[in-house]
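Numbering (our numbering), first residue to last: 9 to 261.
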């Protein structure tokens with residue numbers, strides 16, 4: 009595949025009539041479990057991300073087909089915040105972006121919250137193209153680093169393992185075991201730390217049964233399809249709780 013035929017486009021340069029159709033296509037690229045949509049901070053802020061930060065939403069096209077969507081937010085980080093990134097990861101970054109905007113704090117960091125790609129393309133080539141252009145965009149806006157709270161996809165096969173241990177696993181070539189983390193490292197990222205509570209989903213037992221299609225009739229811990237940790241259920245209190253752990257990685261621009 010010739011990557012020169014990919015086209016990296018910012019959201020605010022696309023004609024308005026095309027946006028609605030495009031955003032429907034974007035939804036089809038989301039392969040994450042449904043229950044991840046119900047983090048309270050995500051439900052509050054995510055629907056407004058395109059209007060609030062149009063300059064940091066990007067699309068990749070290939071011959072008029074949508075190949076990828078990249079959602080980033082601008083952050084104002086102190087040295088202390090950068091050196092001690094929040095354990096709340098993804099949700100912390102999303103909320104902070106809106107708080108920084110409301111305070112008129114000048115951003116100095118690009119935080120990439122989501123990279124969704126079409127399976128119709130060679131993932132390694134497409135990802136390399138995306139990172140190259142993200143770095144270029146960050147450089148133009150004078151952001152020295154790009155942060156990413158990355159969801160370690162292969163941890164779904166090891167939900168009982170602690171994320172801090174899992175983040176240190178390597179393959180036979182000395183690279184990160186997890187395919188998502190490995191893709192970032194191969195493109196120049198450095199692993200910073202884990203963020204155990206990157207997404208936090210709470211709900212009633214019936215809500216979780218609706219989100220997953222399973223039944224939870226006894227208090228205890230459950231493993232779910234594509235979940236990175238266990239679901240903790242308390243039938244007596246009619247509550248269930250899940251943490252989706254991520255791993256912070258950083259690119260120097």
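All C-beta atoms, glycine included, are put in the ideal place defined by N, C-alpha and C.
Residue 12 and residue 32 have their C-alpha atoms some 26 angstroms from each other. Between residue 236 and residue 252, the beta carbon gap of about 6 angstroms places them in contact (Cβ cut-off 8 angstroms). Take the alpha-carbon of residue 75 and the one of residue 38: they are about 12 angstroms apart. Judged by DSSP in its simplified three-state form, residue 237 adopts coil rather than helix or strand. Taking the C-beta atoms as reference points, residue 154 is found no nearer than 7 angstroms to residue 202. For residue 238 against residue 167, the beta-carbon gap comes to about 6 angstroms, under 8 angstroms, which counts as contact. Taking 8 angstroms as the upper bound for CB-CB distance, residue 241 and residue 224 are in contact here, some 5 angstroms apart.
Assignment of alpha helix (DSSP H) within the segment 39 to 109, counting only whole runs of 4 or more residues, yields 48 to 53, 57 to 60, 87 to 91 in chain order. Nearest in C-alpha terms to residue 187, of all of 147, 135, 71, 230, is 135. Looking at the backbone, the Cα of residue 79 and that of residue 88 are separated by about 25 angstroms.
C-alpha of residue 96 to C-alpha of residue 145: approximately 26 angstroms in a straight line. Per DSSP, the continuous alpha helix (DSSP H) segment holding residue 174 begins and ends at 171 to 174. If you draw a straight line from the Cα of residue 157 to the Cα of residue 105, it is about 14 angstroms long. Counting C-beta pairs with one atom in each stretch, the segment 59 to 75 and the segment 175 to 184 have fewer than three that are closer than 8 angstroms, which means they do not touch. CA-to-CA, the gap between residue 218 and residue 123 works out to about 27 angstroms.
Short of 8 angstroms from the beta carbon of residue 169, and not among the five residues preceding or following it, lie these beta carbons of its own chain, in chain order: 163. In terms of Cβ geometry, residue 61 and residue 34 do not form a close pair [threshold 7 angstroms].
The C-beta distance from residue 14 to residue 137 rounds to 5 angstroms, short enough to fall under 8 angstroms. Taking C-beta separations shorter than 7 angstroms and ignoring five residues to either side along the sequence, residue 112 has no partners in its chain.
Taking 7 angstroms as the cut-off, the beta carbon of residue 257 is found closer than this to the beta carbon of residue 199.
For a cut-off of 8 angstroms, the C-beta gap from residue 49 to residue 102 is around 6 angstroms, short enough to register as a contact.
The beta carbon of residue 246 sits closer than 7 angstroms to those of 212, 213, all from its chain and outside the five residues before and after it, given in chain order.
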